[in-house]
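Visitor: For reference, the structure I am asking about is given below.
Residue numbers (the working numbering), protein chains in the order written: chain A, 530 to 972; chain B, 530 to 972.
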């Protein structure tokens, strides 16, 4: 799941230096060479690699934590906000969770070698499509050292090499983690170049990575909107866009209103600043008077500021007495804002069609929830919105690889090509057609 | 199947004019509006639309053929090569084939609404992934008017709108065809903006299309290597690369050599200038002396010039007497050349591993064939090359949506993301997660 707060150390400058290009080219070629034997490796060997990666991280915990402490100290000295420092900081417990997540990957089915479909054609040709690794995956992300190990694990388990460019604020942590993972790969006889960092190329590295068409098979940016926009604009390598989540909850006239209070509170407040948190609440006009005061009481209790349109403010007039500090006027810009904080836009709509139009106008195609008992309303909402995930009578917070049964997650794709929604191991694969004949020629 | 010869009228200038951007924006928005009802349309209605499209093309054949005659005359006057004129020219028979192909699409399974997978999670959430249309498909292609109708048919059948930018040499033909298709769509109550051309924006239109991120869901360039490179470099819209095919045939020591002669002749000469034709023949050294003279005799008979390395020329020394005009020395550049003509590079290799290395060094990831009876050789080749399609004892010419059972084809993807190899209706779809709960919140 992607955080929406922007980490300035993940930003990228204009232009690409020759040194950065040379480094990225060298690293990507070495990654590709190391990936060839991995593509044919047994699941057993890949699992031994993951176990070695977990073990080596534990063994080297003192090094990794010392490197991380240096990063944190530097970040604090540079005035990094505490929310970002919290994402940067590791602890013994957090590092254990990272190691555990690597081991968890061994419990997932190996997508490589899976026969996706196949048939015998009338002329006797035997056709099958087989899942194969993508090859070399590039990743540009913010200063979150746990992502370094997570992504390396997902890549290795799916037969891929990975070239990482982390936020510079995490450079010491990432260097220590990457060194540990490389040593673990070598210990089981795999190439250490399966996991590489280009942090040494500095900010130029990210841009060189974006131009490495033919060397990098896919580039996944994970971070703030600015980073993702830059990658989409500049990359010649195919990109999977992730993370931007302006998520909506629509409460219909047919909703179970008590349930709808719980779901909205969960969607907004269970974890703030994540891409699957709700940012706008749309309420059917027929239930605004009943629902909004109850929902507002619970949201205010959790410290949420409501940015409400005129109709919603009218419905809240009485309830808001004494809570004026948590009720603001909403304007056009609120509909388009991914707050990433304890703020929620609120709008009263005449019906489900108006809710769908609002979502289509302002949504980012991530996750929307419809809370309704009327099956026609549910169907109209599901058919009408154009988002990666639609929740029916459930919190937007479930959009997550773990929560949806994928086991682990590379990120949440908000594009329609290749992978949409939470991306697990399968998102890191392609297919190959294998066609068997016996001297067949085309007539 | 993509032609490899380059049509100069499909080339694209630098920079984007404001007019072109305005036109593309307007057309793409109208396409998206028209696509919404189509996304929910029944297969029945989409089939009625395809039948109307076919009927209207037949009804308007005189208009379409007159427009095409004007294009052909202009092209000849401008000195277009006859090979390209042949691809531009329509006839009553060819137009009937185009109409027939539209009707054929109604026999294919509708991918939209297909449940790709689903499960009930331990917490009771019901999760399913449902196939949905991509939305608005952009297509940049050369002066081949049949492609206009083919792509429109594939798009409509899979619930998508399409924005077309054809080679300017076909502009009158395309205008007549698009007008016919739009009128057919309106006649069954669908939006005519489902099929639009931006040819009016001139060469600027293609570039504006490439920058229409958020308006166009995927851009498919179909044409010469220069066009595809430009689109990959410039597009902010996700791209599917198609067509570039430097295809190899490897004849192993264990091959049935008589069969291998037939397959190579078919792969090279059955149709020249298409992306799935063979461009390089690799022969195991143990059989070069037996195989090459026999293969060369048949290839020379068909008028093929062989560009051979020293070892191959030695094996051919005797056979080549009197055919010196059809035997040339091969150099490094031949390995990298997609001739698109009756030319074939020939190289003798020590074993299958060397053949794989050659393919990895010079291939474009399209199609490779291995001709061998030794299963270990077959497996090493399939595992070693990194291409969309591997043919085992069959001609490279089978890489084609129709020939591989997809029924119809948008193009052949040589990238690994989203779609690889021949692209049928499914390549024009994405998936949406639908998650049903009963007030579920994330703990």
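Here a beta-carbon is modelled for each residue, glycine too, at the ideal position from N, C-alpha and C.
All values reported here derive from a predicted model rather than from experimental measurement.
Less than 9 Å between the C-beta atoms of residue 836/B and residue 858/B, yes or no?
Guide: Yes, these two residues count as a Cβ contact at 9 Å.
Visitor: Taking 6 Å as the limit between beta carbons, can you name the residues of its chain near residue 826/A, skipping five residues before and five after?
Guide: none
Visitor: State the Cα-Cα distance for the pair residue 767/A and residue 751/A, rounded to the nearest angstrom.
Guide: Between residue 767/A and residue 751/A, the C-alpha separation is close to 14 Å.
Visitor: Any contact of the stretch 773-788 of chain B with the stretch 894-913 of chain B, i.e. 3+ C-beta pairs under 8 Å?
Guide: yes
Visitor: Are residue 974/A and residue 686/A close, meaning C-beta to C-beta below 9 Å?
Guide: A query on residue 974/A cannot be resolved here, the shown segment of chain A reaching from 530 to 972 and no further.
Visitor: What first and last residue would you give for the beta strand (DSSP E) that runs through residue 966/B?
Guide: 958-969
Visitor: What does the alpha-carbon distance come out to for the pair residue 865/B and residue 602/A?
Guide: 53 Å
Visitor: Can you tell me whether residue 914/A is buried or exposed, with buried defined as 16 or more other CB within 10 angstroms of its CB?
Guide: buried
Visitor: How about residue 828/A and residue 794/A: do their beta carbons lie closer than 9 Å?
Guide: yes
Visitor: Under 7 Å Cβ-Cβ, which residues of chain A neighbour residue 967/B?
Guide: 922
Visitor: Residue 932/B touches chain A at which residues, Cβ-Cβ below 7 Å?
Guide: Those within 7 Å of residue 932/B in chain A are 971.
Visitor: Strictly under 9 Å for the Cβ-Cβ distance: is residue 913/B near chain A by that measure?
Guide: yes
Visitor: Can you find a C-beta in chain A that's less than 9 Å from the C-beta of residue 952/B?
Guide: no
Visitor: Would you be able to state if there are at least three C-beta pairs under 8 Å between the stretch 867-884 of chain B and the stretch 803-817 of chain B?
Guide: When C-beta atoms of the stretch 803-817 of chain B are compared with those of the stretch 867-884 of chain B, three or more pairs fall below 8 Å, so the two segments count as touching.
Visitor: Checking 9 Å against the spacing of the C-beta atoms, do residue 671/A and residue 753/A come in under that value?
Guide: Yes, the pair counts as a contact, with Cβ atoms nearer than the cut-off.
Visitor: For residue 840/B, which residues from the same chain have a beta carbon less than 6 Å from its beta carbon, with the 5 sequence-adjacent residues on both sides left out?
Guide: Once the five neighbours on either side are set aside, the close Cβ partners of residue 840/B are 877.
Visitor: Note down, in chain order, every chain B residue with its Cβ under 7 Å from the Cβ of residue 960/A.
Guide: 949
Visitor: Just mark residue 886/B as buried or exposed, buried being the case when its beta carbon has 16 or more other beta carbons within 10 Å.
Guide: Exposed is the call here.
Visitor: In terms of alpha-carbon separation, which member of 917/B, 880/B, 889/B and 928/B lies closest to residue 907/B?
Guide: 880/B
Visitor: So residue 597/A and residue 702/A are in contact, right, with Cβ under 8 Å, and what is the actual spacing, rounded?
Guide: Contact check for residue 597/A and residue 702/A: beta-carbon distance about 4 Å, within the 8 Å limit, so the pair qualifies.
Visitor: With a cut-off of 8 Å on the beta carbons, I'd call residue 910/B and residue 919/B a contact; round off their distance for me.
Guide: 7 Å
Visitor: Please report the distance separating the alpha-carbon of residue 847/A from that of residue 818/A.
Guide: 10 Å
Visitor: Under the DSSP definition of a beta bridge, which residues are partnered with residue 980/B?
Guide: Missing from the structure shown is residue 980/B; chain B here goes from 530 to 972 and no further.
Visitor: Excluding the 5 residues flanking residue 785/A on each side, which residues of the same chain have their C-beta closer than 7 Å to its C-beta?
Guide: 902
Visitor: Using a Cβ-Cβ cut-off of 9 Å, state whether residue 775/A counts as contacting chain B.
Guide: no
Visitor: Tell me the residue span of the alpha helix (DSSP H) that contains residue 751/B.
Guide: No alpha helix (DSSP H) holds residue 751/B; the beta strand (DSSP E) holding it covers 747-751.
Visitor: Establish whether the CB of residue 762/A and some CB of chain B are separated by less than 9 Å.
Guide: Contact of residue 762/A with chain B is assigned, a C-beta pair being separated by under 9 Å.
Visitor: Have a look at residue 681/B and residue 724/B and give me their C-alpha separation to the nearest angstrom.
Guide: Approximately 6 Å, taken between the alpha carbons.
Visitor: For my contact list, residue 704/B and residue 726/B are in at a C-beta cut-off of 8 Å; report their separation, rounded to the angstrom.
Guide: Going by Cβ atoms, the distance from residue 704/B to residue 726/B rounds to 7 Å, so yes, they are a contact pair.
Visitor: In terms of alpha-carbon separation, which member of 771/B, 663/B and 559/B lies closest to residue 755/B?
Guide: 771/B
Visitor: Please go through the stretch 790-821 of chain A and give each complete beta strand (DSSP E) segment of 3 or more residues, from N-terminal end onward.
Guide: 807-813
Visitor: Under a three-way DSSP split, which group does residue 549/A fall into?
Guide: In this structure, residue 549/A counts as helix in the three-state DSSP scheme.
Visitor: Residue 858/A bridges to which residues according to DSSP?
Guide: 837/A
Visitor: Which chain A residues sit within Cβ distance under 8 Å of residue 855/B?
Guide: Correct list: empty, because the minimum Cβ distance to chain A is about 22 Å.
Visitor: Is residue 994/B helix, strand or coil by DSSP?
Guide: There is no way to answer for residue 994/B, as the model of chain B reaches only from 530 to 972.
Visitor: Quick one: list the residues of chain A neighbouring residue 638/B, beta-carbon separation under 7 Å, in chain order.
Guide: Neighbours of residue 638/B on chain A: none; closest Cβ ~12 Å, over 7 Å.
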